[in-house]
Amino acid sequence: MPDCPGSAPPDQPQPLAGVRVEETATEGNGPVNQLTAAERARRTAWGTAPVTDEEAQRRATTEWGGRTHAEGKYRNVFPGLHFTFAPRGGLVARLSYSTSIGRPPVTSIIPNLAVNDEAQTVSMANNALRPQRSDNFDLNVEYYFEPIGLLSASVFLKEVDGFIYSTNRLIVPSGPDNGFEGMYEGYRLTTSLNGGHARYRGFELSYQQQFTFLRGFWRGFGVNANYTQLETKGDYGGTVATTQVAGFRPKSANAAINYQKGKYRSSVQANWVDAYLLTVAANPAQIVYEAPRTSVNVKFTYDYSSRTSFYLNLDNLTRSPINSRYYTYRDRIGYTRLPYRSIAAGVQGRF
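Pasting the structure below:
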């Protein structure tokens, strides 16, 4: 069939352009959690006497009964331009420019307020938190080879405005317009904020192969592996002791060996994540990092029929911590959550 008029030949870049419009409206209500000095004194005066149902209800209403409301609305326009080049021989190259937004997590914008008068701290959702907008530049090259294999490499650059981060470095100011009707002056405030401009750039390598070209037992094996490396730089307005953007893993890798023969399937999967920044702070000694983590999982499946399967999963054989956080240096441990290895077995049915 001849090409459509105006279309590029198969061995020439194929362009695609478009634009998308989104409008978002938010509205929410949430609790105000506060245990005032007066309420704390009243509970102390109660002493060791049993708490009645009426008193328990009164305490819950006093501490959690307040409500707060917030709403917002915004519209975004997203243009994009993409090129695909696919010469013969299994090689495919893609070059693209796109725009996008990253909306705040719902937990960050649902109105809520938690006050601890004893510690003089306030934790509050930021209802005015804006989405972060990104200009994305991507170059990806893929090579498909027989019988079943893929080798790919990609580089990316993201220019982000208004990146979102969490902080506990703020102090509630004085005055009736401090955002809390003049209350909580001098309390430490924990919330989420929009930063200035940020840049994320990096590369990714990936390899997948099923060894169906081998003979006998060996043809059931397959492997896949990928490695990602990136660096981030964000503008906090000079208020924190780093320019790294929290929450991004600078280095990570995955590798898996799988085997499939008849009704049997199995795999060994490994995941590695390097240390990464978790929480920023004005004081370098208070910056929190997540320690490197390596986990290994093993999975077995037996297909009894087209609708029924038995499985056995062995997870976290290396007993890698769920969280292992430290302050600036690895020997300044914050806390560690160390799970047990887990074993899960069961039956899956498809109807």
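Positions in the sequence shown are counted from 1; adding 58 to them yields the working numbering. Positions of the beta carbon are idealized from the N, C-alpha and C atoms, including for glycine.
Would the beta-carbon of residue i fall within 8 Å of that of residue j?
i, j, result
"Arg399", "Leu370", "no"
"Gly138", "Ala75", "yes"
"Val303", "Ala256", "yes"
"Arg323", "Val346", "no"
"Tyr25", "Phe368", "Nothing about residue 25 can be read from this structure; the chain reaches only from 59 to 409."
"Phe330", "Ala311", "For the sequence presented, residue 330 should be read as Trp rather than Phe. Yes, Cβ-Cβ distance for Trp330 and Ala311 is below 8 Å."
"Glu262", "Thr286", "yes"
"Asp196", "Phe214", "yes"
"Pro412", "Asn185", "Beyond the ends of the chain as shown, which are 59 and 409, falls residue 412; an answer cannot be given."
"Pro73", "Phe141", "yes"
"Gly392", "Thr366", "no"
"Ser224", "Thr337", "yes"
"Leu209", "Tyr258", "no"
"Arg395", "Pro379", "yes"
"Phe271", "Pro205", "yes"
"Ala328", "Arg388", "no"
Under the criterion of a Cβ to heavy atom distance below 7 Å, does residue i qualify as lining the ligand GDP?
i, result
"Val150", "For the ligand GDP, the structure offers nothing, since it holds no ligand at all."
Provide the residue span of the beta strand (DSSP E) that contains residue i, from first to last.
i, result
"Gln318", "309-319"
"Ala144", "Premise fails: Ala144 is in no beta strand (DSSP E) and is neither H nor E."
"Ala75", "72-93"
"Glu173", "With the sequence shown as reference, residue 173 is identified as Val, and Glu is not the correct amino acid for it. Here the beta strand (DSSP E) through Val173 covers 171-174."
"Val326", "322-331"
"Ser210", "206-219"
"Val199", "190-203"
"Ile222", "222-229"
"Thr481", "A query on residue 481 cannot be resolved here, the shown segment of the chain reaching from 59 to 409 and no further."
"Gly240", "It is not in any beta strand (DSSP E) - Gly240 carries neither H nor E in the DSSP assignment."
"Val354", "351-361"
"Asp293", "Neither: Asp293 is in no beta strand (DSSP E) and is coded neither H nor E."
"Ile345", "Note, Ile345: premise wrong, no beta strand (DSSP E); not H, not E."
"Phe306", "Premise fails: Phe306 is in no beta strand (DSSP E) and is neither H nor E."
"Asp373", "366-373"
"Asn381", "381-385"
"Phe261", "255-268"
"Thr157", "149-160"
"Ala403", "400-407"
"Val180", "179-182"
"Arg395", "391-395"
Could one say the Cβ of residue i lies closer than 8 Å to chain B's Cβ atoms, at least one of them?
i, result
"Gly274", "The displayed structure is made up of one protein chain only, and chain B is not part of it."
As a quick exercise: from the options, pick the residue whose alpha carbon is nearest that of residue i.
i, options, result
"Val281", "Val218, Phe269, Phe275, Arg273", "Phe269"
"Arg246", "Gly105, Tyr387, Asp175", "Asp175"
"Lys321", "Ala95, Gly240, Ile391, Ser363", "Ser363"
"Val218", "Gln266, Thr94, Ile159, Glu348", "Ile159"
"Thr84", "Thr120, Arg188, Arg390, Glu112", "Arg188"
"Lys131", "Ala95, Glu81, Thr165", "Glu81"
"Val199", "Gly407, Thr337, Leu149", "Leu149"
"Lys309", "Arg351, Pro342, Leu93, Asp293", "Arg351"
"Tyr385", "Pro342, Thr225, Asn284, Arg408", "Pro342"
"Pro71", "Thr102, Arg146, Asp111, Gly88", "Arg146"
"Gln190", "Lys216, Thr165, Asp361", "Lys216"
"Asn87", "Trp276, Arg100, Pro379, Thr126", "Thr126"
"Tyr294", "Ala283, Gly274, Ser353, Leu228", "Leu228"
"Asp361", "Arg390, Arg116, Tyr258, Lys319", "Lys319"
"Ser166", "Phe271, Thr248, Thr290, Gly124", "Thr248"
"Asn134", "Arg98, Tyr202, Val79", "Val79"
"Arg377", "Arg388, Val354, Thr94, Ala283", "Val354"
"Trp122", "Ala128, Phe136, Thr102, Thr94", "Thr94"
"Val77", "Gly237, Phe136, Thr102, Glu239", "Phe136"
"Asn226", "Gly240, Gln178, Ala99, Asn381", "Gln178"
"Tyr202", "Glu129, Arg101, Ile401, Gln267", "Gln267"
"Ala283", "Gly124, Gln344, Gly207, Phe238", "Gly207"
"Thr359", "Asn194, Gly124, Ala403, Gln344", "Ala403"
Along the chain, where does the alpha helix (DSSP H) containing residue i start, and where does it finish?
i, result
"Thr337", "No alpha helix (DSSP H) contains Thr337, which is instead part of the beta strand (DSSP E) from 334-337."
"Arg117", "111-122"
Assuming the contact rule is C-beta atoms closer than 8 Å, residue i and residue j should be a hit. Round their C-beta distance to whole Å, please.
i, j, result
"Gly253", "Phe221", "5 Å"
"Ala183", "Asn91", "Between Asn91 and Ala183 the Cβ distance is about 12 Å, and since that is not below 8 Å, they are no contact."
"Val180", "Val230", "6 Å"
"Val356", "Val405", "Actually they do not touch by this definition, with Cβ atoms about 19 Å apart."
"Ser232", "Glu243", "4 Å"
"Phe306", "Tyr265", "About 23 Å separates the two Cβ atoms, so there is no contact after all."
"Thr119", "Glu97", "With 8 Å as the limit, Thr119 and Glu97 do not qualify as a contact, their Cβ atoms being about 11 Å apart."
task: Examine the Cβ distances between the region 140-156 and the region 97-113 and report whether three or more of them are shorter than 8 Å.
output: no
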